[in-house]
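Protein chains in written order, with UniProt numbering: chain R, 1 to 447; chain D, 1 to 447; chain S, 1 to 447. Have a look at the structure below, then the notes.
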Amino acid sequence: MTAHVVAGAAEAGAESDRLAPDARALLGERVVGESLPAPFYVDREWFDRDLDEIFAKRWIFVATEAEIAEPGDYLTVNLGRSSVIIARDDEQVVRAHHNVCRHRGARLLTDDHGSTGTIVCAYHSWTYGMDGRLMFADAQAPGFDKKCFSLRPVALRSIAGLIFICLADEPPADIDEVATIVTPYLEPHGLANAKVAKQTDLIENGNWKLTMENNRECYHCGGHPELLNVFFPIWGFADADAIPERLRPATTRYRQATDEMTDLWRRRGLPSDRIVQLDTRITGFHIEREPMDLAGESFTLDGTVACTRPLADDLPDRRLGRLSMHLQPNMWLHITGDHAVLFSAIPLAPDQTLVRTTWLVHADAVEGIDYDLDRLTGVWEITNQQDADLVALAHQGIADPAYRPGPYGPSEVQVEAFINWYITTLRTTLGVTHQVSQPVSEISESA
Amino acid sequence: MTAHVVAGAAEAGAESDRLAPDARALLGERVVGESLPAPFYVDREWFDRDLDEIFAKRWIFVATEAEIAEPGDYLTVNLGRSSVIIARDDEQVVRAHHNVCRHRGARLLTDDHGSTGTIVCAYHSWTYGMDGRLMFADAQAPGFDKKCFSLRPVALRSIAGLIFICLADEPPADIDEVATIVTPYLEPHGLANAKVAKQTDLIENGNWKLTMENNRECYHCGGHPELLNVFFPIWGFADADAIPERLRPATTRYRQATDEMTDLWRRRGLPSDRIVQLDTRITGFHIEREPMDLAGESFTLDGTVACTRPLADDLPDRRLGRLSMHLQPNMWLHITGDHAVLFSAIPLAPDQTLVRTTWLVHADAVEGIDYDLDRLTGVWEITNQQDADLVALAHQGIADPAYRPGPYGPSEVQVEAFINWYITTLRTTLGVTHQVSQPVSEISESA
Amino acid sequence: MTAHVVAGAAEAGAESDRLAPDARALLGERVVGESLPAPFYVDREWFDRDLDEIFAKRWIFVATEAEIAEPGDYLTVNLGRSSVIIARDDEQVVRAHHNVCRHRGARLLTDDHGSTGTIVCAYHSWTYGMDGRLMFADAQAPGFDKKCFSLRPVALRSIAGLIFICLADEPPADIDEVATIVTPYLEPHGLANAKVAKQTDLIENGNWKLTMENNRECYHCGGHPELLNVFFPIWGFADADAIPERLRPATTRYRQATDEMTDLWRRRGLPSDRIVQLDTRITGFHIEREPMDLAGESFTLDGTVACTRPLADDLPDRRLGRLSMHLQPNMWLHITGDHAVLFSAIPLAPDQTLVRTTWLVHADAVEGIDYDLDRLTGVWEITNQQDADLVALAHQGIADPAYRPGPYGPSEVQVEAFINWYITTLRTTLGVTHQVSQPVSEISESA
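Here's what the structure looks like:
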């Protein structure tokens, strides 16, 4: 058996020579079923490697089309030391360019978002079109050729209104397959035409992988009393037999709700099969539809809708359960009948991660009439803060020399899948041979 | 003659191979009688080495039993990147464990001190007893063995109520000899049953070794007018003949007070011989009894007691002079008839050191009746701040490329002893051969 | 042809062995006519090299004699990790010493400036004369020789009241030639006897070389509307034919004003030939006299004087144009008939630079009567802030991995000269062989 997360042959190679022997050993010897050794979480060396090998070579979720609805709208995104301009041009094409002047390198756009017809450098007024072409550069010698100084482009891919970028010259091609699989799930919910009800930035004091591990299990959900009203606490158990006795009532309700919802999804033509390709492809992901508890309509305390206007005109059902997707390395989302909530994790430092949360509602939904903003966002805002506190505790302890990797339990199988994807990706891009890692999907099948 | 500070053969060895040639040279060539070359004080490299070779391998003073008087009381101590829980269990046993969950590494206790019956991890509720045993871990697979996941223990030693810990697997064994020597000096003062009147944390903007050098001489005491009321300024002169003419009156008073006090100490059965083993053993220390000036009773402006209730019931004399002890690398204390004041220095960064000062009084002494807190702590609080300012100046100048090691004078002999202990310890644990360093005790004998 | 910036043979040598191959390649392969590769601007490694090879080996402008007018006056200057005391002694001699006690290294003077008769260390009261001699050290052993512990001196050179220091043991000798050339230009303006009207410190969030590049061209002057009232925007074009059409009116005014001013300068005996030796000697510089626009008298919004009392008694003309000098690596100045404004750039961090601006007026000029301070300093204060914003943008963009060196245009010839001096200096002191760089003066001649 061979590793399932593979890259083009061009990706690995010369770089492997740059890896010091102790880093190579750490990467090669990671024990399946355990949390990572501390250096991966706390050392600047591995943080830089994460930026270079993961965040600069894989597809990264950064925004939604709803954030740049009109021609001329733009937003700037920071990934590591890179700043990228994402803009909608006059022909409604969404493009990405590096936010760096080609003259003497000045940063061009400094606002998080805005609207403009051209991009003018504040330093010497070099002026670019929204398509990146250099249109004007004053006082140049006769031989100067503007065509040589366009803004440098960045690969961009929009899937049902979700914007992914890749900083690499040759982005992973399997994004096409992933788009083909997930688009039928996402498209009926109308994200591309939705509006942003709210967006929050929360800085967690922990490594970005701890942020991802945290949202990949509900073993810690005892710390989320508000979320647990509607979120079934059995989420994450790969094997139903492993669910503890005390969760039997929840399991019973979950099974009943699943039967009801599956029937509805079928009638509405909504695909609902669970697809788990978390560590079996370059652009690992999973997507699933699940019921929710209580009224089962939305992420509110009683489960009833937070927005009376359905997110998609063609899906008027209040009780639609949730469509959830997770895409390696940094995004997850939930879509209910009335809204969508999307999360991205962006590494800022070995011990700092930006979690951006975006709530989308129907483009015509009116705040104060169709929805109350606090009710729409309350459950996830408090849940995010609870998670931030837990991630900070995890980082603190892992930075302690006394930390030793500990065991993942039966409900932490998606944590293992994330870590397996991560380690396998680094091994591939860095050209490290290793003992074979068994994909989580096969582990759970054979369990 | 060979180095007098020795370690087990196991301590040195493989590590010496990790030392770069320039670090090895710096360590091997230090000139006796001069301040250290700048890298020892300012470079991150040596700071990390200090944490690894000194603070993680030697006995470190961190607290007093008086701070955790009742069963269930705990405190958390930070040493470098390590956090350690020190707690008193139901059988009054004081224990130390690493403050890290064995599951996914979360920090367990986040308060400086508190009281609890069990230690519950906030992340997934793994629960430990005060003895470190894992008592509860939810939703684990059948084969999971709680016995494999106890908290990792830390070596702890209490000497007459003073708590020392050692992070090494094999702590220096000579702590037993040191305890045997110093316990008869300390025990009559009843520290183990005292109460904490006040504890202050002061961050000095200098390397921890500059903090220690500062408190190892009184050559700078001109900057301490409040302390000098009662503290004889001749302290630190290894050779009485070297004391300058202008200090003759103080010398005369010192000799007369010494005669009176020695007689009292003998009558009270208090050992008073000066013992100096600062750089002649692994756990270097010195202990001495000395008189104080003016009323000679306490660290107050006029030398009279700050607490009317004697510290120990069996030692009712107001004028008892002071018992002083210094133990390498990071503690010193003074005990008078009415109170004890203890100091610990904890490195925070190459240029930052935490100085924790603790004042102990009799357990039944009542603030406002038996003592006024400002009067009890005033002299040392102002003295600490004066020292912090001097340490900051020393660090600033040493960080200047123009700094060159300068000469210690006749009153700085204990500074040399500290530095000699430090250098010899590093040479031993790092396996660096070197020119022989003559211990200070022999230097002063032959002087 | 060989490099024109040369150093003594002693300067290069052993150090070249310390340079890693990639640093050596970066230094050897810099492309003429383009901004530098990013590491020179953003990496700590090159920042440290700049401090060691440029700021510790070349003559650095740090202050004016006007700042220490009276005997006993001193100021302290920080250059990298070095602090230097610059003081005027009782015989009016200006001297420089390292600000470090020879005992245990404490920083001696902590104020930016002041006045004193002796320098007393706060730690143990070692006392030095203003000439650096150790005068007093208490409680030393009989053999102690004070003569061995004078303060360490720093090379100092005052040119017409401008104070330059050099931290090297063998400062570049060509300062004598430079002084001979520029003194006749500067001396008539009486800087040595002027007074400081104001001094400001501005921290720019960019590398010091970006600060210098910024002030070496007026291509960006569209961002300085206040300055452009009097400053001809054609400054910096090496070749008049390259000046764009839209600047023709300014060019016409400039030529007319030049004719008028040249006549006046000749009558006043003021040398006015432009001398450009920016990258053709170790202590590179250029000096020139130029007219100013509008009233042409001063840096005010309408060009009329800001101070009614002329700066030099012998030069009573209000309209005198400006004398401007730039000296590698870190100073530039402008002198008009009524005042002088001097600038120095001091590196604080890879992305932080201190810009100190000093305004000098006649020693007897009275604020509120002869000049209004806001009017005197207003144009450069706002211009400095505009430049700080541009430098910050440049640094941000260059720190982005997408940055690539871009082309200098016809008006950025002095930027290229600065960079050529910088690269050639490093190649010389670090012993890197390279492709020959053509000095800018020859480039412009052949253009």
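Note that CB positions come from ideal geometry on N, CA and C, so glycine has one too. Keep in mind it's a predicted model, so treat the numbers as computed, not measured.
Cβ distance (whole Å) where residue i is taken to contact residue j below 8 Å
i, j, result
"D/Glu34", "D/Gly321", "At roughly 34 Å, the Cβ-Cβ gap does not stay under 8 Å, so D/Glu34 and D/Gly321 are not in contact."
"D/His113", "D/Glu65", "So it is not a contact: roughly 13 Å between Cβ atoms."
"S/Asp293", "S/Phe232", "6 Å"
"R/Glu91", "R/Ala388", "At roughly 41 Å, the Cβ-Cβ gap does not stay under 8 Å, so R/Glu91 and R/Ala388 are not in contact."
"R/Arg81", "S/Ala399", "6 Å"
"D/Asp138", "D/Ser150", "Wrong, their Cβ atoms sit about 17 Å apart, outside the cutoff."
"S/Thr429", "S/Glu170", "The Cβ separation is near 12 Å, so there is no contact."
"R/Val100", "S/Tyr403", "5 Å"
"R/Thr383", "R/Glu226", "6 Å"
"S/Thr377", "S/Lys195", "At roughly 14 Å, the Cβ-Cβ gap does not stay under 8 Å, so S/Thr377 and S/Lys195 are not in contact."
Between the CA atoms of residue j and residue i - distance to the nearest angstrom
i, j, result
"S/Met261", "S/Thr304", "15 Å"
"R/Ala12", "R/Arg281", "In this prediction, R/Ala12 has a pLDDT of 48, which is less than 50 and means its spatial position is unreliable; what the coordinates show is noted afterwards. In a straight line, the C-alpha of R/Ala12 is about 16 Å away from that of R/Arg281."
"R/Ala240", "D/Lys147", "26 Å"
"R/Val120", "S/Ser83", "42 Å"
"S/Pro244", "S/Arg95", "49 Å"
"D/Asn207", "S/Ala192", "42 Å"
"R/Asp176", "R/Arg157", "9 Å"
"residue 448 of chain R", "R/Thr424", "No statement about residue 448 of chain R is possible, as the shown extent of chain R runs from 1 to 447 and does not include it."
"S/Ala9", "S/Ile181", "Only weak support exists for where S/Ala9 lies, its pLDDT of 41 falling under 50; the value from the coordinates is given anyway. Approximately 25 Å, taken between the alpha carbons."
"D/Leu315", "D/Gly269", "10 Å"
"S/Leu27", "S/Trp380", "35 Å"
"R/Asp145", "S/Val391", "26 Å"
"residue 450 of chain R", "R/Thr251", "Nothing about residue 450 of chain R can be read from this structure; chain R reaches only from 1 to 447."
"R/Met331", "R/Met325", "8 Å"
"S/Asp89", "D/Val31", "36 Å"
"S/Leu210", "S/Arg246", "27 Å"
"S/Gln414", "S/Thr300", "25 Å"
Residue i in three-state terms, based on DSSP
i, result
"S/Pro188", "helix"
"residue 451 of chain S", "Beyond the ends of chain S as shown, which are 1 and 447, falls residue 451 of chain S; an answer cannot be given."
"S/Met331", "strand"
"R/Lys57", "coil"
"R/Pro39", "helix"
"R/Pro21", "helix"
"S/Thr383", "helix"
"S/His395", "helix"
"S/Val276", "strand"
"D/Arg281", "coil"
"D/Glu67", "helix"
Counterpart residues of residue i in DSSP-defined beta bridges
i, result
"R/Cys307", "R/Tyr371"
"R/Tyr128", "R/Ile119, R/Leu134"
"S/Gly378", "Answer is none; S/Gly378 lacks a bridge partner."
"R/Ile204", "Reading off the sequence, residue 204 of chain R comes out as Glu, not Ile. Answer is R/Thr353."
"S/His326", "S/His286, S/Trp332"
"D/Lys198", "D/Trp359"
"residue 491 of chain D", "Absent from the model: residue 491 of chain D. The displayed extent of chain D is 1 to 447, so no value can be given."
"D/Pro271", "Bridge partners of D/Pro271: none, in fact."
"D/Pro347", "D/Thr353"
"D/Pro316", "DSSP lists no partner for D/Pro316."
"S/Asn78", "S/Ser83"
Threshold first: 3 residues or longer. Then list the beta strand (DSSP E) segments lying entirely within the stretch 214 to 255 of chain R, N to C. none
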